[in-house]
Amino acid sequence: MRRRFFCGAAALWIGSTAANAACPANTVCAADPQTVVAALAAAGFKAKLDKDSTGDPTIASAASGYDFDIYFYGCKAGKDCTSLQFRAGWKAADVHTPDYANKWNAVKRFAQMSVKEDKTMSLSYDVTTEGGINPANFADVVDWWQVMLGEASKFFAENG
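Residue numbering for the sequence shown is -21 to -1, 1 to 139, as defined by mature numbering (1 follows the signal peptide of the UniProt record, and there is no 0).
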């Protein structure tokens, strides 16, 4: 009896895990990178799908005069990813300090600026896609990212 219960419970768990990993129809989700590529293209952005050194998907694109990448997180062996990170980076500069980044972070809600020890800087925006995002919401995510890149340009002009 215990063995039947265990087998039944295992089958139920495996079935629910597979359902969670799937990308529902008409949604954008990290579990299906092609939906992200298609949604970016529909919004008028280039989208080049590739893989990082660990085999997880990445997408290269550009907006507001900056190149950026989209990294996929929560992946299992390069598949069934659960979230995205939009990220743009800048070369090292003396002005790039934690205080400089925190000046941005204190007033900006959607994108976080960070500086590494080598003074390279990045701007990132994280989005969970568990269960899928409808296309209108994803278009809004991309629009906010583009706005944040434009705001970064103004920030750099005003703050060196």
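Even for Gly, the Cβ is constructed at its ideal location relative to N, Cα and C.
Residue 36 by DSSP, collapsed to three states: which one? Three-state DSSP puts residue 36 in a strand.
Secondary structure of residue 107, DSSP reduced to three states: strand
Assigned exposure category for residue 108 - 16 Cβ within 10 Å defines buried: buried
Would you check if the distance between the CB atom of residue 117 and the CB atom of residue 16 is smaller than 8 Å? Not closer than 8 Å, so no.
Buried or exposed for residue 132, going by 16 or more other Cβ atoms inside 10 Å? Within a 10 Å sphere around the beta-carbon of residue 132 sit fewer than 16 other beta-carbons, which makes this residue exposed.
For the candidate residues 53, 13, 1, 18, whose alpha-carbon lies nearest to that of residue 105? 53
Whole-angstrom distance between residue 47 and residue 20, CA atom to CA atom: 15 Å
Leaving out the 5 sequence neighbours to the left and right, which residues in its chain are closer than 8 Å to residue 98 when beta-carbon positions are compared? Setting aside the 5 residues that flank it on each side, residue 98 is surrounded in the same chain by 71, 72, 73, 75, 76, each with a C-beta closer than 8 Å to its C-beta; the list follows chain order.
What number of angstroms, rounded off, separates the C-alpha of residue 101 from the C-alpha of residue 40? Taking the Cα positions, residue 101 is about 15 Å away from residue 40.
Under 7 Å: does the beta carbon of residue 84 sit that close to some heavy atom of the ligand SAM? What this structure holds is no ligand at all, so the ligand SAM is not there to describe.
Taking just the CA atoms, how far does residue 22 sit from residue 3? 20 Å
Give the range of the beta strand (DSSP E) segment to which residue 67 is assigned. 62 to 69
Exposed or buried, what is residue 31 when buried is set at 16 or more other beta-carbons lying within 10 Å of its beta-carbon? Burial state of residue 31 is exposed, judged by a 10 Å Cβ sphere holding fewer than 16 other Cβ atoms.
The beta strand (DSSP E) that contains residue 47, what's its start and end? 45 to 52
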